[in-house]
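Chains as they are written, first to last, in my numbering: chain A, 1 to 286; chain B, 1001 to 1286.
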């Protein structure tokens, strides 16, 4: 039913053991699926594990398997288990992680309304863009898909413009703050929320929409680079193929065999020109 | 894709319009399914609607339909929509309802750690009991199912005992407080959490487990009666058949045609002897 990714630093200690059940990929149930809430909590748990507050085990589950359905009676991943307690509600999972972080003074849940405001609707608006653009592209010849952003009718361009505006506003915030993560030198829940979403935007943009995060948003790209250098992100990140498969499945788009049979790969590098600019500005040495 | 249950008190006003998408029944996608989080938020929204703070529309969605998947890209109900904002995370849905309640001074989210502690693991433990007992009953002749509670081996009885203990502890709390709802004369989030779960325990107990809420827990039964007299609960409550179907589906149990073809019925009455006792004690006149 589940494959285990075990994170343990020292056996036999009395640290709480937190098991996280994350959604498996629709291609291969041993692989991590593209569930954003799963990755968000995984990253938070990883932060607790890294500083030795908790033991963490992550298991991928096939939500369509009888074993899973029976064990969780209709609950959906992410699901967290600690001893005999089952947390099936995002509010409860976060509540438990919050209390552990508080108990050990881990600054994972500092509040910052300015950051909250900038990131809250980014992914929501990206989903509107994905839907509108893939609808527009439907029925077109394969060679014409994805269509050029410039060729989009105004009603769809509006979604594109909104995304670009929002990405620019996060870039601006990062430029103003000159910090590695959104709030400072260490990762907080806001990063656990934003990093996986930015990565989805990048992968789906490239592979499905003919869209890329604008290359002039150097601070934002540097933040993406930070994600790619953050163990909590890397460990919990699904392969490109599994991210793409998830969206295609939901959008009812044709999945070609190449994707499902390919060895899974993870895009964790930046476009060369962007990386050069980051290095020129010395942003990556912060 | 969706059937609408519209709650409106006065057209053309400027109150926020909140749309809640709840999971449809697996028997008939026009009927409400047995999703506990959906009912919880529906009840909270109903409370806001009742006092005229918001307009509310509830729609049932078939999560397996292409239209649903495409619209929400893999998100699961409950999903709340307000203008162009889509809330797909229980934390965000609750956050929005919380802020609306605060804005209009609706005491829906008062905190009470004693109540929280008594109700938090009740349903979780009930699920363990359901799994263990239905496993034990599997392979038995139809005439011997559900098996008697008294005949259960110790390992399963332990789950039964824990449920009864926890129900008794909620009964005691209600007896001590002598209040209509858990915190006082009006409904709070705790009631929106507990009432649907108690109702599931009752319906699944009766129809699947040969179990009933002990009849001597008069204060708890009176609380169930309160649920059955609370519009927010009644409106949002799935039919018995739809509740049963949900559990059978998850447990991979045989669903007979009688259930799926029956006209949906809702058990919203109490056992006669229990009701007599409630009346004798005058609890229902509080």
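Each residue gets a CB set at the ideal place from its N, CA and C atoms; glycine is no exception.
| Asked | Found |
| --- | --- |
| For residue 254/A, the nearest candidate out of 245/A, 277/A, 106/A (CA to CA) | 245/A |
| Min CB distance residue 1257/B to chain A below 7 Å | no |
| 8 Å CB neighbourhood of residue 134/A in its chain, flanking five on each side removed | 208, 209, 251, 253 |
| Whether residue 219/A touches residue 174/A by CB criterion (7 Å) | yes |
| Whole runs of the alpha helix (DSSP H) within the region 62 to 150 of chain A, excluding any shorter than 4 residues | 66 to 72, 90 to 103, 113 to 119, 122 to 137 |
| Candidates 15/A, 62/A, 155/A, 113/A: closest to residue 22/A by CA position | 62/A |
| Buried versus exposed, by CB contacts within 10 Å (16 or more), residue 226/A | buried |
| Classification of residue 262/A by the beta-carbon crowding that lies within 10 angstroms, buried from 16 upward | exposed |
| Beta-carbon proximity of residue 1221/B to residue 1274/B, cut-off 7 Å | yes |
| Residues, ordered as in the chain, of the region 75 to 94 of chain A that lie near chain B by beta-carbon distance below 7 Å | 76, 85, 86, 89, 90, 91, 94 |
| Residue 287/A (DSSP reduced to helix, strand or coil) | A query on residue 287/A cannot be resolved here, the shown segment of chain A reaching from 1 to 286 and no further. |
| N-terminal and C-terminal residue of the alpha helix (DSSP H) that residue 1053/B is part of | No alpha helix (DSSP H) holds residue 1053/B; DSSP gives it neither H nor E. |
| Short CB-CB distance (under 7 Å) between residue 1252/B and chain A | yes |
| Cβ shell of residue 11/A (< 8 Å), same chain only, five flanking positions each side left out | Note on residue 11/A: pLDDT 48, under 50, position unreliable in the model; no value is reported. |
| Residue 31/A at chain B interface by Cβ criterion, 7 Å | no |
| Per DSSP, cross-strand counterpart(s) of residue 32/A | 24/A |
| Same chain, Cβ closer than 6 Å to residue 204/A, five either side skipped, listed in chain order | 247 |
| Backbone CA spacing between residue 1235/B and residue 1032/B [nearest angstrom] | 10 Å |
| CB contact flag (residue 1197/B, residue 1123/B, <7 Å) | yes |
| Alpha helix (DSSP H) segment containing residue 218/A, residue limits | 218 to 228 |
| Own chain partners of residue 1162/B with C-beta closer than 6 Å, once the 5 adjacent residues on each side are dropped | 1125 |
| Presumed contact (8 Å Cβ cut-off) between residue 53/A and residue 46/A, rounded CB distance | Not confirmed; about 11 Å, so no contact. |
| Contact list for residue 1045/B against chain A, beta-carbon separation under 9 Å | Residues of chain A passing the Cβ test: none, with the nearest at roughly 16 Å. |
| Inter-residue Cα distance where the pair is residue 282/A and residue 102/A | 34 Å |
| Cross-chain neighbours of residue 1246/B in chain A, by beta carbon under 7 Å | 74 |
| Helix, strand or coil at residue 10/A [DSSP, three-state] | With a pLDDT of 49 at residue 10/A, under the threshold of 50, the modelled position of that residue is not reliable, and no figure is offered here. |
| Residue 1069/B at chain A interface by Cβ criterion, 7 Å | yes |
| Where residue 84/A falls, given that 16 or more other Cβ within 10 Å makes a residue buried | exposed |
| DSSP three-state assignment for residue 1264/B, whether helix, strand or coil | coil |
| Other residues of its chain near residue 1128/B: CB distance less than 7 Å, five sequence neighbours each side excluded | 1159 |
| Inter-residue Cα distance where the pair is residue 105/A and residue 95/A | 15 Å |
| Contact list for the region 109 to 137 of chain A against chain B, Cβ threshold 9 Å | 120, 121, 124, 125, 127, 128, 130, 131, 134, 135 |
| Per-residue burial, residue 1142/B [other beta carbons within 10 Å of its own, 16 or more giving buried] | exposed |
| Minimum Cβ-Cβ distance from residue 66/A to chain B less than 7 Å | yes |
| Residue 1191/B, buried or exposed, once every other Cβ within 10 Å from all chains shown has been counted against 16 | buried |
| Chain-ordered neighbours of residue 1211/B on chain A, where CB pairs are closer than 9 Å | In chain order: nothing, as chain A lies at least about 16 Å away. |
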